[in-house]
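S.K.: To start, I am sharing the structure in question, which I have written as structure tokens.
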Amino acid sequence: RYFYRLLNNAKAEMDNRPKGQMDADVVFLDNWNEFGEGHYIMPTAQYGYGYLYAVKQTFADRWQKD
60 RYFYRLLNNA
70 KAEMDNRPKG
80 QMDADVVFLD
90 NWNEFGEGHY
100 IMPTAQYGYG
110 YLYAVKQTFA
120 DRWQKD
């Protein structure tokens with residue numbers, strides 16, 4: 060839930076930026092598989108695809124084609 064809340068905060072910040080600028084359309088998620096460092100979003104046995112589903116649920120509607 061904490062990761063999901065962070066994603067929603069990032070999306071809200073992006074929504075407040077002027078449209079058409081890169082920082083309104085791009086979010087950088089760090090890191091895919093830094094297990095040794097303690098941060099990752101890739102699927103795991105413990106959390107499955109939970110982190111990736113949270114990213115999809117939060118941001119997918121921003122990039123849907125009309």
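Numbering-wise (the working numbering), the sequence shown opens with residue 60 and increments by one.
Cβ atoms here follow ideal geometry from the backbone N, Cα and C, with glycine treated the same way.
(1) Whole angstroms is fine: what's the gap from Gly97's alpha carbon to Trp91's?
(2) Beta carbon of Thr117, beta carbon of Asn67: below 8 Å?
(3) Quick one: give me the first and last residue of the alpha helix (DSSP H) that Asp84 is part of.
(4) Determine the DSSP secondary structure at Tyr108, reduced to helix, strand or coil.
(5) One question on the structure: do Phe62 and Ala119 come within less than 8 Å of each other, judged by their Cβ atoms?
M.R.: Let me spell this out:
(1) Against the sequence shown, residue 97 aligns to sequence position 38. Against the sequence shown, residue 91 aligns to sequence position 32. Straight-line Cα distance between these residues: approximately 11 Å.
(2) The residue you call residue 117 lines up with position 58 of the sequence shown. The residue you call residue 67 lines up with position 8 of the sequence shown. Yes, they are a contact pair.
(3) Walking along the sequence shown from the start, residue 84 turns up at place 25. From DSSP, the alpha helix (DSSP H) with Asp84 extends over Met81 to Asp84.
(4) As a first step, residue 108 is located in the sequence shown; it is residue number 49 there, counting from the start. Here Tyr108 sits in coil by DSSP.
(5) Counted from its first residue, the sequence shown places residue 62 at position 3. Counted from its first residue, the sequence shown places residue 119 at position 60. Cβ distance not < 8 Å, so Phe62 and Ala119 don't count as in contact.
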